[in-house]
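Student: Numbering (my numbering), first residue to last: -10 to 86.
For each residue, glycine too, the CB sits at the ideal point set by N, CA and C.
Given the structure is predicted, the values throughout are model-derived calculations rather than measurements.
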Amino acid sequence: MNPIDEQLNRLFRAAAKGETEPVAAPAFGLETRVMAAWRAAGAGKANFWDMGMLARALGLASLILVASCWPTLSSGSNPFADFLQLTDSTIPADDAP
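#1: Pull up the distance between the alpha-carbon of TRP38 and that of ARG45, whole angstroms please.
#2: In whole angstroms, what separates the C-alpha of ALA29 from that of GLN(-4)?
#3: Cα separation between SER51 and MET40?
Pasting the structure below:
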């Protein structure tokens, strides 16, 4: 048996012999005090990442996306057509060697 296994067995035997003390009940009114402190902390000043700021940032990001894609969407041509044509010409279409 490994020395570590022997140490663990001794530890487990010592823990099994130990007497367990019953857990004492919390003080009267502790739950009420905890809930009151939690509610008071939640009513404080809004954090930097509040929902209003995140919604405005999402709107701004959407506006930037639409503005950057507008030239491509308004014209019927694909700006990457030359690149795609070059790519298609270098890749063989059939499986023959």
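Tutor: In this structure, then:
#1: Distance between the alpha carbons of TRP38 and ARG45: 11 Å.
#2: The alpha-carbon separation between ALA29 and GLN(-4) amounts to approximately 49 Å.
#3: Distance from the CA of SER51 to the CA of MET40, rounded to the nearest whole angstrom, comes to 16 Å.
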